[in-house]
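As structure tokens, the structure follows; a few thoughts come after it.
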Amino acid sequence: MRPAEPELQSVRPTPWAPGSIIGGKYRLTTPIGAGGMGEVWRAEHTSLGTTVAVKLVDLASAQNPQETMARFLHEARAAARLKNENVVQTMDHGAQGHVAYIVMELLEGESLAKRLARQRVLPASDAVRLFREMARALERAHKQGIVHRDLKPENVFLANEEGREVVKILDFGIAKTADAGHDPHLKTHAGTVLGTPAYMSPEQVLGKEIDFRSDLWQLAMIAFECVTGARAFSGATLGELFMRICSAPLPVPSQAARNVPPGFDAWFARAAQRDPKERFQSARELAEALSIVLLRSQGGGAATVPLGSMVQSGKLEPTGQSTAWSSGASNPSSRRALTIALAVLPVLLIGVVGAVWIVKGRDPDPPAPAPSARPAASVSPPASPSIIAPAPAPNVPATAEPAATTDADAPPSPSAPDAGKPAPVRGGGKRIGKEDVLGF
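In our numbering, the protein residues as written are 219 to 658.
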């Protein structure tokens, strides 16, 4: 059973009522929702007649109301400049007394939290689309220096727009600046922290300076929930929860739920690194890697992903010497048997052809030395992890020399691609860029 969010356990009595006028031109009609940071109302523009959503945030109990109000309005203006289909659009903002308000487009649909409460987990294709669209929004925000700080299923809205579902991220700029004084659950002895506890990054919990990589941690927490149906971290008390976020061993998704896609454990281990420098370094990179893992599992093929590469560099590169996760049952002995059979088959065929020549009375040339396995064997590696248009894989010759060290055991190459660049697709196939993977 999904536990209730701390900030939703109680709602303050509202000073507003239907018919109240905000900003001199927005008439409140119906309350939509309320939480620890304020209230959201359906409202009507008094002169235009358009319907909008108005979020009201009461800053009266902030430690420094004037400073908090100034920061809130500054961030509201920054969010208003963030134009993206996957961000709820801010249309107006202002202050009325000690209440700040933001006017937004009115959305029809449901939050990701409600969807997960009903379905528990998301199908792979839905999760891929969800994270692609969130990544587009976050890439735009992070380039403008805007950090959300409070990404959670409640702040991801699945809007119905003309018959299609569009992901919208809510509350950009609000969580970064609104004071947490209304919610005692978000207080620590070292000061005030902002965010929803279960999704907070370690640097948020410790009150450290944060950047866009805190948002990437929160994306990892949301992905864990979408795939397993459970939260990555929980605790009987807020202190226990914070301790687990900061120091407990990372949960393993496949141990938390059945039918976890192959490769998701490694993806999560990379995305939820406690050191921000060790995580994925952009929302786009995170979503690209997740798309490869989830779509491979949906297609039922082997997701050939080097474990060491996933955990250390975040790159998903096809290689003949990688750890292969398959959606079907697989064991090393069967793979070795298949490899040996494929390597020996050409030699047997050459022997049969030679025997036929002798039977037909041909005067054979002196027998040539048996061809080495290097040119004869034609063992193709698993298909490259292109999720749009898989290309033919190159032949990988067999060799009698000792097998090379796998990617999982080898140290990271100093010439590894920079974070954020598309992983090269080796072989004779077409190179698939990130635009093909994510649709950016």
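Note that CB positions come from ideal geometry on N, CA and C, so glycine has one too.
Here the structure is a predicted model, which means the values were calculated and not measured.
Query                                                                                                                                                       : Result
How far does the alpha helix (DSSP H) with L459 in it reach, from first residue to last?                                                                    : 456-465
How many angstroms separate the CA atom of V339 from the CA atom of K426?                                                                                   : 32 Å
With H, G and I counted as helix, E and B as strand and the rest as coil, what does DSSP make of M309?                                                      : strand
Going by DSSP, which residues form a beta bridge with W259?                                                                                                 : P249, V272
Please name the residue in W435, S500, P494, L325 whose C-alpha comes closest to that of I387.                                                              : L325
Taking the C-alpha atoms as reference points, what is the distance between R299 and P471?                                                                   : 37 Å
Any idea if K273 is buried or exposed, counting beta-carbon neighbours within 10 angstroms, 16 or more meaning buried?                                      : buried
By how many angstroms is the C-alpha of F498 removed from the C-alpha of L504?                                                                              : 6 Å
Would you kindly report the start and end of the unbroken beta strand (DSSP E) that includes A318?                                                          : 317-322
How close, in whole Å, do the beta carbons of A345 and V478 come, if the pair is a contact with beta carbons under 8 Å?                                     : Contact doesn't hold; Cβ gap of about 12 Å is too wide.
For R462 and F451, what's the separation of their Cα atoms in angstroms?                                                                                    : 7 Å
Opposite R382 in the DSSP bridges: which residues?                                                                                                          : E379
Around the C-beta of P371, are 16 or more other C-beta atoms found within 10 angstroms, so that it is buried, or is it exposed?                             : buried
How long is the line joining the alpha carbons of W259 and E496, rounded to whole angstroms?                                                                : 41 Å
Would you call the CB atoms of L459 and P420 closer than 8 Å?                                                                                               : no
Which of helix, strand or coil does DSSP assign to P640?                                                                                                    : Residue confidence for P640 is low, a pLDDT of 43 falling below 50, so the modelled location carries little weight; the figure read from the coordinates is stated next. Reduced to three states, the DSSP call for P640 is coil.
Could you pull the start and end residues of the alpha helix (DSSP H) that S472 belongs to?                                                                 : 471-474
Is the segment 345-358 in contact with the segment 269-289, if contact means three or more CB pairs nearer than 8 Å?                                        : no
I'd like the list of long-range same chain contacts for V570, defined as Cβ closer than 8 Å, with 5 residues on each side in sequence excluded.             : For V570, the predicted model reports a pLDDT of 41, less than 50, meaning its position is unreliable; a value from the coordinates is still stated below. Cβ within range, chain order: n/a, list empty.
Exposed or buried, which one is K240 when buried takes at least 16 other CB atoms within 10 Å?                                                              : With the sequence shown as reference, residue 240 is identified as Ile, and Lys is not the correct amino acid for it. Classification for I240: buried.
What residue range does the beta strand (DSSP E) around E328 cover?                                                                                         : 327-329
Alpha helix (DSSP H) containing H160: first to last residue?                                                                                                : Examination of residue 160 is not possible in this model, given that the chain is present from 219 through 658 alone.
Leaving out five residues on either side along the sequence, give the residues of the same chain with a beta carbon under 7 Å from the beta carbon of L664. : An answer regarding residue 664 cannot be provided, because it is not within the stretch 219 to 658 covered by the chain.
Going by Cα to Cα distance, which pick from P236, F486, S265 is closest to L434?                                                                            : F486
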